[in-house]
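And the structure:
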């Protein structure tokens with residue numbers, strides 16, 4: 018009887034065990050150097066909501082895993098991530114055994130990359146379209162090359178501005194509503210804290226947003242995802258700063274459900290790569306998570322990144338030949354110290370609260386709210402009643418005298434020959450070389466000696482004080498074994514206060530709030546307070562608010578099968594803009610003060626794609642997208658400083674994008690070859706400049722105009738290739754190539770807005786009709802790029818790498834007003850200007866192509882394990898970019914001052930134009946050295 022009872026109980030136990038068995042995946046993660054377990058590694062099942070962290074023994078167990086072939090992703094900052102394919106059988110446990118993690122060299126490469134992406138980003142005409150910062154998270158060989166090696170030459174992936182990508186922190190889009198671009202310096206210097214990233218290329222699906230034709234970047238700051246430990250580093254470089262110190266500590270999740278991360282850094286330079294460019298930045302980060310239970314967690318993230326730096330000037334060829342490419346006209350000595358007149362300051366702290374709700378084993382809801390407030394300011398000198406203080410002002414340069422035939426003198430030589438000289442040009446050259454920087458002392462003296470006490474010169478800040486509230490909620494759910502759904506809603510509400518404040522009267526008593534180019538009521542910046550005397554800290558020139566509200570929703574279905582994966586996604590958004598004038602402008606008395614009209618843009622998008630798995634190693638990938646995109650807030654108002662009026666003929670952009678790829682994933686050889694196509698229609702571009710002969714019969718030499726170009730059509734077509742071959746366990750070769758044709762695919766329409774016309778009681782808008790842009794190249798980026806690299810990684814944990822890069826087909830930004838009929842046809846007679854034949858006009862308007870660039874870069878590093886029992890590590894990383902000190906242009910723009918054929922010909926007649934193109938130059942030889950300790 019006892020045996021019978023025992024047998025029955027044993028059978029029941031077995032049956033009960035079978036009934037209670039679950040489908041699980043388990044494993045253990047260890048460090049390759051010490052073979053010790055790693056805590057806090059993130060292990061997730063792709064295309065599901067399942068995710069676990071390894072415990073103190075490095076072990077993870079994921080329960081209720083869907084059956085079939087699944088991809089298990091294992092990642093932790095500082096280590097090379099792994100993607101494992103497993104076959105899951107119902108009611109069985111898949112044991113992956115020991116997973117060995119190797120240190121990730123690219124984590125140190127990212128520290129070098131940031132010195133490039135922060136330089137000048139967000140400034141007009143400064144290369145802000147560079148996409149290097151977007152690619153930090155990518156492991157693709159082509160994308161890493163584009164970021165680390167080509168970024169210094171302002172390469173743009175697929176020729177697209179980064180406004181066509183979405184950069185997110187915890188699912189909140191960080192692209193500015195003002196211009197559509199992310200403000201990288203909002204989290205600059207926080208490399209350690211922003212390493213948890215996910216990246217998608219092109220229009221491939223993202224779990225967080227619909228995205229755009231360039232891709233998405235998601236930065237996750239959830240505290241429990243950081244590997245526990247501390248890191249301290251010290252860096253030196255000669256790029257946009259000289260020194261950096263940074264420290265980070267992550268606690269990991271404790272037994273009470275708390276986890277936190279703190280990080281701080283400082284970067285500074287008395288003078289950076291270009292003359293007079295000082296730099297000072299302080300950054301702080303904190304993330305705190307409370308896990309209430311297995312279903313609910315809250316995470317609070319705060320980011321404070323203050324950045325102040327001196328800008329460098331774009332210069333003409335004449336100035337570069339006289340002073341060199343590192344010359345910067347923005348600074349001058351004051352009391353023995355260099356003082357830059359063009360500082361950019363960014364201080365926009367961010368607070369985010371995130372709620373993670375695991376509704377069930379198949380559904381996760383993530384809700385985030387964010388609040389950001391702060392300022393972006395750009396300082397500049399103004400001369401209300403003084404001469405232009407810019408040392409490169411055209412009347413100060415030799416070219417001003419060289420272009421006047423009356424200044425040439427013929428001198429008889431003793432041998433009977435003659436020499437033609439220009440004494441005034443020679444004097445101007447000597448004076449410029451002696452006075453090539455801003456004279457701060459002279460401005461102080463002038464201000465202290467004006468008859469009324471009013472400052473002839475002042476220093477101002479153009480301020481954007483933004484306050485933005487953001488909300489989003491993201492749903493991720495598994496509908497069946499093969500189908501998953503991503504859906505999200507988001508809201509943004511922005512108030513942007515735009516104004517100029519007087520920061521330094523430079524020894525004067527006040528400045529009148531008037532425009533000296535006009536008289537009477539037209540001269541008043543604020544008719545409600547005429548002839549106001551403005552002191553330091555007062556508001557001068559313009560003062561207004563911009564309001565923007567954006568609501569967006571998207572859904573995305575992903576289908577995963579043995580031979581094919583595919584997805585379908587759609588989005589809808591509503592955007593509205595409004596301006597509120599706080600000054601009543603003298604030239605726009607009836608439409609500048611108070612709130613203006615509200616303009617609404619409703620947009621939609623569809624995309625889809627498929628991956629066909631020929632075998633486990635060979636794949637074909639296809640993606641397509643059609644979407645409309647609201648114009649940026651910057652382009653919505655053609656004269657926001659003075660008027661509530663919206664830009665005429667303003668439309669949403671239409672974007673079509675497609676790509677096709679062949680992907681090879683062999684154990685030693687990885688490759689991706691992609692062909693791509695993108696077309697952007699109905700884009701709007703706004704520019705500002707001084708112009709001559711484009712407004713009235715007498716010419717507009719001192720007329721400051723707004724150039725409004727609408728209906729812009731761009732077409733980007735090309736291919737990209739990325740190769741990676743592991744020759745041996747220690748030697749790896751990489752190759753990358755990009756060939757594109759990025760053009761304006763059709764003509765557009767151009768109008769100008771001229772305050773002079775408004776002062777006469779006329780409409781400020783003048784229609785110049787067609788602007789002939791068709792087949793001109795899009796500017797400011799190489800359209801060809803090639804790279805070959807070799808890397809040696811020694812088993813004793815040191816490594817060295819080298820790469821050579823060739824970049825070509827980079828073009829200048831053309832003046833659009835010069836591509837209208839106004840350039841060659843006399844508006845008074847209706848016929849062509851003398852000498853303006855088809856051949857001479859074509860030659861005058863030929864787009865300048867920059868010289869090709871060959872850059873060689875070296876990288877290397879070593880790490881030492883300080884203890885066999887812990888992960889304590891000491892190491893260094895070093896790089897030299899542009900080894901052979903090549904001087905090269907990264908961009909430039911034609912000046913529009915000489916807007917007619919006869920004026921341009923006269924300016925070029927003597928070979929030294931006063932209004933020639935202005936150029937931006939890349940870094941010459943630079944270095945970056947970083948020492949770090951992990952403990």
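Numbering (our numbering), first residue to last: 18 to 952. Heads up, the beta-carbon is just placed ideally off N, CA and C, and yes, glycines get one too.
{"Check": "Tell me, please, which residues DSSP counts as bridged to residue 367.", "Outcome": "320 and 389"}
{"Check": "Once the 5 residues before and after residue 582 are set aside, which same chain residues still bring their CB inside 6 Å of it?", "Outcome": "628"}
{"Check": "What does the alpha-carbon distance come out to for the pair residue 679 and residue 584?", "Outcome": "18 Å"}
{"Check": "What are the residues that DSSP puts in a beta bridge with residue 566?", "Outcome": "510 and 593"}
{"Check": "With a threshold of 6 Å on Cβ separation, who are the neighbours of residue 479 within its own chain once the five nearest residues in sequence on each side are excluded?", "Outcome": "395 and 517"}
{"Check": "Hey, out of 674, 652, 842 and 607, whose CA is closest to residue 664's CA?", "Outcome": "652"}
{"Check": "Smallest Cα separation from residue 593: which of 631, 610, 648 and 375?", "Outcome": "648"}
{"Check": "Count Cβ pairs between the region 522-534 and the region 752-771 that sit closer than 8 Å; are there 3 or more?", "Outcome": "no"}
{"Check": "Can you list the alpha helix (DSSP H) stretches of 4 or more residues lying completely in the region 732-810, in chain order?", "Outcome": "772-776"}
{"Check": "Going by the CB atoms, is the gap between residue 519 and residue 477 shorter than 7 Å?", "Outcome": "yes"}
{"Check": "Please classify residue 335: is it buried, with 16 or more other beta-carbons within 10 angstroms of its beta-carbon, or exposed?", "Outcome": "buried"}
{"Check": "Considering only residues of the region 819-896, which uninterrupted beta strand (DSSP E) runs meet the minimum length of 3 residues and lie entirely inside it, listed in chain order?", "Outcome": "870-882"}
{"Check": "Considering only their Cβ atoms, is the gap separating residue 748 from residue 809 smaller than 7 Å?", "Outcome": "yes"}
{"Check": "Using only the alpha-carbon positions, how far apart do residue 383 and residue 278 sit?", "Outcome": "20 Å"}
{"Check": "Please classify residue 452: is it buried, with 16 or more other beta-carbons within 10 angstroms of its beta-carbon, or exposed?", "Outcome": "exposed"}
{"Check": "Between the alpha carbons of residue 814 and residue 952, how many angstroms are there, rounded?", "Outcome": "17 Å"}
{"Check": "Tell me, which residues are paired with residue 260 by DSSP?", "Outcome": "253 and 285"}
{"Check": "On the premise that residue 70 lies in contact with residue 220, defined as a C-beta separation below 8 Å, what is that separation, rounded to the nearest angstrom?", "Outcome": "That belief does not hold up - the Cβ atoms of residue 220 and residue 70 are roughly 32 Å apart, past 8 Å."}
{"Check": "Would you identify the three-state DSSP class for residue 270, choosing helix, strand or coil?", "Outcome": "coil"}
{"Check": "Using three-state DSSP, classify residue 473 as helix, strand or coil.", "Outcome": "coil"}
{"Check": "Have a look at residue 856 and residue 899 and give me their C-alpha separation to the nearest angstrom.", "Outcome": "40 Å"}
{"Check": "Going straight from the alpha carbon of residue 910 to that of residue 322, what length do you get?", "Outcome": "31 Å"}
{"Check": "My guess is that residue 5 and residue 757 are in contact by the Cβ rule of under 8 Å, so how many angstroms apart are they, rounded?", "Outcome": "The requested residue 5 does not occur in the structure, where the chain is confined to residues 18 to 952."}
{"Check": "Got a sec? Which residues, its chain only, sit under 6 Å from residue 482 by beta carbon, not counting five neighbours each side?", "Outcome": "392 and 514"}
{"Check": "Report all residues from its chain with a CB closer than 7 Å to the CB of residue 939; omit the five preceding and five following residues, and keep chain order.", "Outcome": "169, 170, 905 and 907"}
{"Check": "Could you tell me the distance, in whole angstroms, from the CA atom of residue 492 to the CA atom of residue 225?", "Outcome": "9 Å"}
{"Check": "Out of curiosity, what's the CA-to-CA distance linking residue 498 and residue 379?", "Outcome": "10 Å"}
{"Check": "Compute the minimum distance between the beta carbon of residue 594 and the heavy atoms of the ligand FMN, and state whether it is under 6 Å.", "Outcome": "As far as ligands go, the structure on display features none, and thus does not contain the ligand FMN."}
{"Check": "Exposed or buried, which one is residue 784 when buried takes at least 16 other CB atoms within 10 Å?", "Outcome": "exposed"}
{"Check": "Relative to the C-alpha of residue 310, which candidate in 375, 347, 362 and 926 has its C-alpha closest?", "Outcome": "375"}
{"Check": "Using DSSP's beta-bridge definition, name the partner residues of residue 304.", "Outcome": "278 and 318"}
{"Check": "Going by beta-carbon coordinates alone, are residue 732 and residue 788 separated by less than 7 Å?", "Outcome": "no"}
{"Check": "For residue 134, name the three-state secondary structure that DSSP assigns.", "Outcome": "In this prediction, residue 134 has a pLDDT of 42, which is less than 50 and means its spatial position is unreliable; what the coordinates show is noted afterwards. Residue 134 falls in the helix class under three-state DSSP."}
{"Check": "Using the C-alpha atoms, what's the distance from residue 722 back to residue 771?", "Outcome": "5 Å"}
{"Check": "Applying the criterion that 16 or more other CB atoms from any shown protein chain within 10 Å of the CB defines a buried residue, is residue 290 buried or exposed?", "Outcome": "buried"}
{"Check": "Based on Cα-Cα distance, which residue from 107, 106 and 99 lies nearest to residue 115?", "Outcome": "99"}
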